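All letters in the sequence shown, in the order written, are residues 7 to 95 by our numbering. Built from N, CA and C at the ideal position, the CB exists for glycine as well. From a predicted model like this one, the values you see are computed outputs, not experimental measurements.
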Amino acid sequence: MTTKKNMSKCPHCGIEMKKWMPPEDSSWDRLYHFVCFNDDCPYYVNGWQHMEQNYSQKASYRHRYDPHLDESGPLPVWSSNAHRGRIID
Ligand SMILES: [Zn+2]
């Protein structure tokens with residue numbers, strides 16, 4: 007069986023993403039998302055600079071993909087360790 011595109015890989019760095027459970031109080035559903043937890047990912051690295059320059063915030067975001075809705079978007083983070091406790095795979 008072949009898939010058209012491997013959506014479990016980050017489009018920014020090409021590294022396999024982790025399965026991640028959203029917090030209970032988030033607006034997302036209870037199913038896992040894929041999140042790129044690579045600290046060298048250009049999306050994440052550039053995010054720090056972008057947030058600092060545009061919003062004067064010490065924050066960034068990681069690439070997130072929801073395989074159930076087929077939607078991707080940013081997952082805001084405040085440190086390298088943020089959200090790592092919710093990785094399930
Ligand atoms: Zn990445």
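**OP:** Put Arg-36 into one of helix, strand or coil per three-state DSSP.
**Re:** coil
Original post:
Any heavy atom of ligand 1 closer than 7 Å to the CB of His-56?
Top reply: no
**OP:** Could you check which residue in Trp-26, Trp-54, Gly-79 and Pro-28 has the C-alpha nearest to that of Gln-63?
**Re:** Trp-54
**OP:** Look up Glu-30 in the DSSP assignment and say whether it is helix, strand or coil.
**Re:** coil
**OP:** Tell me whether Tyr-49 counts as near ligand 1, meaning its Cβ is closer than 7 Å to at least one heavy atom of that ligand.
**Re:** yes
Original post:
Cβ of Asn-52 within 7 Å of any heavy atom in ligand 1?
Top reply: no
**OP:** State yes or no: is the C-beta of His-39 nearer than 7 Å to some heavy atom of ligand 2?
**Re:** Annotation note on ligand 2: not contained in the displayed structure, which lists ligand 1 as its ligands.
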